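What follows is a single structure, written as structure tokens, with notes after it.
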Ligand code: 5AD
Ligand code: SF4
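This is the structure in structure tokens:
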């Protein structure tokens with residue numbers, strides 16, 4: 050069961066000072082950086098604050114409380130947040146009653162240091178302490194600095210119905226687990242988000258049912274490693290694994306598209322693939338981060354698989370799900386990476402025939418195994434060059450993957466108006482490819498069949514056929 054945990058520092062302060070509380074800010078603005086999980090968390094945060102009478106605003110200038118939900122995954126993600134804090138600092142100078150809170154991974158990583166280094170920050174709240182936000186805001190309102198960065202082994206915010214930011218009411222994130230136990234050598238996530246814990250299956254199904262009732266057409270089940278989802282139903286004693294959860298969600302409505310992210314190559318088994326094959330509404334798209342194509346580097350990264358194992362998973366995907374698209378994450382220039390290791394990454398990318406990838410230069414993160422044990426010894430210029438080669442190759446593969454669709458008719462869920470022209474709509478295929486087509490009389494939320502006639506590396510183009 051969840052227990053609200055209170056940081057020791059706050060208890061001590063409260064004993065000394067009982068605030069005359071009611072300078073509660075009423076309008077909250079939230080800015081979110083980083084992964085989909087952070088977007089999902091911001092929706093939980095706003096929901097929690099609404100329960101305490103706050104109003105959410107999309108206009109930063111009218112907010113009484115600005116929260117910045119932060120990411121620590123790479124140094125440049127943190128730099129971006131610091132840049133935003135400089136902007137907030139100027140706002141606070143003009144309006145001293147404005148409260149500024151840093152929440153999420155940077156709050157967890159830097160803790161009190163953030164209050165010391167960023168004088169205008171009033172509250173610092175880690176990813177497992179959002180239930181405490183109202184109390185912390187009240188405390189900050191009395192002029193004290195407020196912090197709670199305790200990590201929990203149980204908190205999943207299972208009972209909170211997130212406030213949805215998605216304006217179209219088409220696609221929603223549903224968090225199914227939190228934290229990560231994998232301890233990849235380069236990664237700060239296990240330190241900022243704590244140990245892995247799964248969310249009660251029934252609360253996930255309830256949330257998805259509510260979304261269906263609200264008219265949502267697509268859910269993405271989120272976790273750092275969805276394949277290790279595990280829940281024991283207390284009523285029935287049933288053990289619910291990820292494939293089972295996936296099929297339970299898919300069965301809620303055949304009109305609901307179901308996606309999930311992220312899969313871990315060491316844990317993604319054939320049962321997941323067979324479940325995907327069984328249900329048409331489970332999208333044929335898998336995000337399967339490889340990180341590197343060199344077994345030596347994968348071992349140093351502590352990823353728990355070899356190049357051969359990874360490629361065997363790719364083979365299983367294409368044989369069980371012939372229409373599936375695979376996407377990936379790649380890190381260029383990890384500690385001790387040689388030219389040969391890099392070439393192996395390029396060749397793995399070619400073999401895997403990805404449709405898309407997120408590609409990064411290795412960024413050393415404090416406290417991680419790699420930071421403690423390995424020198425960050427690949428020069429910056431070499432990291433940049435290798436990253437560029439990976440990006441260039443991925444672009445070629447993205448075009449190749451899209452070209453295969455030309456001449457095919459694909460089902461598209463319409464998501465919005467194209468940024469380039471109001472006469473065009475866009476949506477996505479089951480494979481998560483973006484399709485742009487003439488608007489005619491189609492509406493956001495429709496399923497349409499589009500005959501594909503052209504493409505770029507990022508987009509398919511076509512025309513709806515009846
Ligand atoms: N440096 C660069 N990329 C990283 N990632 C995680 N940690 C680091 C790091 N220290 C990447 C991985 C992961 C994605 C979310 O971010 O590729 O899959
Ligand atoms: Fe980080 Fe590895 Fe966990 Fe992903 S699986 S969050 S890369 S530790």
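Residue numbers (my numbering): 50 to 515. C-beta atoms are modelled at their ideal positions from N, C-alpha and C, and glycine is treated no differently. No experiment lies behind these values; they were computed from the predicted model shown.
For the putative contact between residue i and residue j, defined by C-beta atoms under 8 angstroms, what is the C-beta separation to the nearest angstrom?
| i | j | result |
| --- | --- | --- |
| residue 498 | residue 460 | 6 angstroms |
| residue 504 | residue 445 | So it is not a contact: roughly 13 angstroms between Cβ atoms. |
| residue 97 | residue 180 | 6 angstroms |
| residue 395 | residue 442 | 6 angstroms |
| residue 374 | residue 333 | 7 angstroms |
By how many angstroms is the C-alpha of residue j removed from the C-alpha of residue i?
| i | j | result |
| --- | --- | --- |
| residue 89 | residue 382 | 31 angstroms |
| residue 230 | residue 122 | 16 angstroms |
| residue 322 | residue 85 | 23 angstroms |
| residue 94 | residue 457 | 43 angstroms |
| residue 326 | residue 306 | 14 angstroms |
| residue 124 | residue 413 | 8 angstroms |
| residue 169 | residue 161 | 13 angstroms |
| residue 119 | residue 130 | 7 angstroms |
| residue 193 | residue 171 | 8 angstroms |
| residue 508 | residue 399 | 20 angstroms |
| residue 209 | residue 472 | 39 angstroms |
| residue 215 | residue 244 | 29 angstroms |
| residue 91 | residue 79 | 7 angstroms |
| residue 289 | residue 207 | 16 angstroms |
| residue 286 | residue 320 | 21 angstroms |
| residue 296 | residue 302 | 11 angstroms |
| residue 284 | residue 433 | 54 angstroms |
| residue 370 | residue 137 | 48 angstroms |
| residue 310 | residue 258 | 20 angstroms |
| residue 337 | residue 408 | 13 angstroms |
| residue 495 | residue 298 | 21 angstroms |
| residue 146 | residue 103 | 16 angstroms |
| residue 500 | residue 452 | 13 angstroms |
Check residue i in the structure and name its three-state DSSP category.
| i | result |
| --- | --- |
| residue 145 | coil |
| residue 125 | helix |
| residue 273 | coil |
| residue 75 | coil |
| residue 504 | strand |
| residue 116 | strand |
| residue 257 | helix |
| residue 476 | strand |
| residue 394 | helix |
| residue 55 | Low confidence applies to residue 55: its pLDDT is 28, below 50, so where it sits in the model is not reliable enough to give any reading. |
| residue 130 | helix |
| residue 319 | helix |
| residue 378 | strand |
| residue 169 | coil |
| residue 292 | helix |
| residue 326 | helix |
Next item on the list: Check whether the segment 190-204 touches the segment 304-321, taking contact to mean three or more Cβ pairs, one atom from each stretch, closer than 8 angstroms.
Entry: no
Notebook entry, point to check: Would you say the segment 141-153 touches the segment 107-119, given that touching needs at least three Cβ pairs under 8 angstroms?
Noted result: yes
Margin query: Pairs of beta-carbons, one from the segment 219-230 and one from the segment 183-198, closer than 8 angstroms: are there three or more?
Written below: no
Check: Do three or more CB pairs link the segment 212-222 to the segment 238-254 at distances below 8 angstroms?
Finding: no
Checklist line | Contact set, the ligand 5AD heavy atom to C-beta under 6 angstroms | finding: 122, 123, 235, 236, 338, 340, 378, 380, 409, 411, 412, 414
Checklist line | Pocket of the ligand SF4 defined by Cβ to heavy atom distance under 6 angstroms | finding: 229, 231, 232, 233, 236, 238, 239, 273, 274, 313
Notebook entry, point to check: At a cut of 8 angstroms, does the segment 341-350 reach the segment 364-378 through at least three beta carbon pairs?
Noted result: no
Notebook entry, point to check: Is it a yes or a no for the segment 425-438 touching the segment 384-393, going by three-plus beta-carbon pairs under 8 angstroms?
Noted result: yes
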